[in-house]
Amino acid sequence: MSVSLGNTNENFGITVVDSITVNASTFQMSNLPSATTGTILLGKTSQEETGSVKSTSYFKLAFTNFTNDIPNDAVFDSINLVIKPRTNRYFYGDTTVAQKITVHRLTQELETKNISSTVNGNITPIFVTGPTIFSDQKFDYDNSPLGSLTFNPFVRSLDTLSIKLDNTLGNEIFDMIVSNNVNVASNEAFQQYLKGLVIVPDDQNTVILGFSDTVAVNINYSYIGNDGFNKHGVKSITTGDRTFQFNNIEYDRANTPFAALNASNKEIKSSQTNGQVFLQAGTGVVAKLDIPALKEFMNEPNISINKAQLIVETTGEFFFNPFPNPSSVMLLIANDNGIPFSYVPTPFSSTIQQVPYINGNSMGRNARYVFDLIEYINTVNNVESYNTSLFLTSSTPNLFSTANMALIATENNLPKIKLNIVYTKFK
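Under the working numbering, read the sequence shown as residues 36 to 462, first letter to last.
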């Protein structure tokens, strides 16, 4: 349309362009931290389109005090591990099937890893700020479980899971406490004796659940009180340093269009998957976006950008869906080695732009995420933007503590991702 500026001869036109191609592929990020998330992510679930995801949780244990307050005539009764759901009652998958978990004793000490000197000349992902434990790490544990539990994952009513552990371990710790053994004189000594525990989901499980990272291992005992009646007491051991509580995330994409996607083969173009592209928290899968024509467009003379929106349409529903899309997503900026070093901010601010999930409707409108790129597109011709891509991914902190997946909608075997630009061209 043409707009006149009063009585001047300076006419200009406002134009909408939606024909700029966005190339998309599915990309496997590396070095995703999974420690200190506040969440014990536990379970396994499968989806036809993208395969299975399994989360196993490791942690150390520590005493909150070293006072021997167990009565002299007390006798050991039992030992149990207690975990509680997160306050947000997180779940991902089918909760109608009974789930099984087992608890094992670690045989290898948990250690953080420092990647700052091993990745591309000290260029580390923006979300890695120091030594930590990553989602692909595993540590050895005793194959014989200390205990197991089968339970119904009624998310709304599930309050506490209590797993009875092997009495041999409990009796041993009880005896060390009452005898003031050196192994319970400090947490350093205790963690040499008991390197930690790992909770492992059964391979037949159907849901991933989020639990609080505050666990309790209760040493239960009984004794005769001063009144002559039998009484019960508990000595609790709780989560140690959260630096060493982490979730190991495994995936199996066999028999899916993404079977070849892994840590070695990091990228599958949408042309190889009939336009299908997905992103998933926990596993580090992102939708990699390249907009090759944008640089040339931004070199056009006499234009002023009024509005720029990136619209990503997805399948599925967020509400009443056992496999909901991420509640919000963000865009990371990655170099040509696939390492994210920055992010797309909220326009004219320094905060990460995290856009919410917009549900579809019964009239055929797909669910979507909509980004405001008005500030970002003005930087695409800067030197630091050469050979960069956008990574569409779940927002933090959910990127590290959930498993939600979004499958990009397709049309004519192309992903439904569109860049709309409204601009003014001066004549």
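Note that beta-carbon positions come from the ideal geometry of N, C-alpha and C, so glycine has one too.
Asked: Three CB pairs or more closer than 8 Å across the region 282-299 and the region 315-332; Found: yes
Asked: Contacting residues, own chain, Cβ-Cβ under 8 Å from Thr56 (five flanking each side not counted); Found: Ile326, Pro327 and Ala328
Asked: Three CB pairs or more closer than 8 Å across the region 275-283 and the region 92-109; Found: yes
Asked: Whole alpha helix (DSSP H) elements within the region 309-378, 4-residue minimum; Found: 328-333
Asked: Identified DSSP bridge partners for Gly86; Found: Gln82
Asked: Inside the region 161-212 only - beta strand (DSSP E) runs reaching at least 3 residues; Found: 182-186 and 196-199
Asked: CB-CB length for Ile254 against Ile114, believed under 8 Å; Found: 6 Å
Asked: Residue from Asn422, Asn417 and Phe383 whose Cα sits closest to the Cα of Asp371; Found: Asn422
Asked: Chain-order list of residues whose beta-carbon lies under 6 Å from that of Gly73 (same chain, five-residue window excluded); Found: Asp248
Asked: Given Val242 as reference, the closest of Tyr411, Leu77 and Ile393 once Cα atoms are compared; Found: Leu77
Asked: Nonlocal neighbours in the same chain, by C-beta distance under 6 Å from Thr130, ignoring five residues either side; Found: Pro188, Val190 and Val242
Asked: Nearest neighbour of Val418, chosen from Lys330, Pro361, Lys453 and Ala251 [CA to CA]; Found: Lys330
Asked: Gln63: first and last residue of the uninterrupted beta strand (DSSP E) it sits in; Found: Asn58 to Gln63
Asked: Residue of Phe406, Pro375, Thr308 and Thr71 minimising C-alpha distance to Lys342; Found: Phe406
Asked: Nearest to Ser436 (by Cα), restricted to the options Ser170, Ala133 and Ser60; Found: Ser170
Asked: Contact under 8 Å by Cβ, Ile456 with Pro450; Found: no
Asked: DSSP three-state assignment for Leu442, whether helix, strand or coil; Found: strand
Asked: Beta-carbon spacing of Lys135, Asp237 below 8 Å; Found: yes
Asked: Simplified DSSP state of Val132, which is helix, strand or coil; Found: coil
Asked: N- and C-terminal bounds of the alpha helix (DSSP H) containing Ser436; Found: Asn433 to Ser436
Asked: Whether Asn416 touches Ile340 by CB criterion (8 Å); Found: no
Asked: Whether Leu141 touches Tyr176 by CB criterion (8 Å); Found: yes
Asked: Endpoints, the alpha helix (DSSP H) within which Glu223 is located; Found: Asn222 to Tyr228
Asked: 8 Å Cβ cutoff met for Tyr404 and Val347; Found: yes
Asked: Within 8 Å, strictly: CB atoms of Lys304 and Gln63; Found: no
Asked: Those residues which DSSP pairs with Asn455 across a bridge; Found: Gln344
Asked: C-alpha gap between Ser69 and Ile168, whole angstroms; Found: 6 Å
Asked: Cβ-Cβ distance between Ile75 and Phe246 below 8 Å; Found: yes
Asked: Residue from Phe461, Glu446, Asn433 and Lys460 with nearest C-alpha to Asn123; Found: Asn433
Asked: Distance between Thr137 and Gly182 (C-alpha atoms, nearest Å); Found: 6 Å
Asked: Ile158 burial status per 10 Å Cβ neighbour count (16 or more: buried); Found: exposed
Asked: Where Leu454 falls, given that 16 or more other Cβ within 10 Å makes a residue buried; Found: buried
Asked: Residue range of the beta strand (DSSP E) that includes Thr8; Found: Residue 8 is absent from the model: the chain starts at 36 and stops at 462.
Asked: Nearest-angstrom Cα separation, counted from Leu296 out to Ser363; Found: 24 Å
Asked: For Ser299, the three-state DSSP class (helix, strand or coil); Found: coil
Asked: Under the three-state DSSP convention, the category Ser39 falls into; Found: Caution applies to Ser39, whose pLDDT of 36 falls short of 50 and renders its modelled position unreliable; the value that the coordinates give is listed next. Correct three-state label for Ser39: coil.
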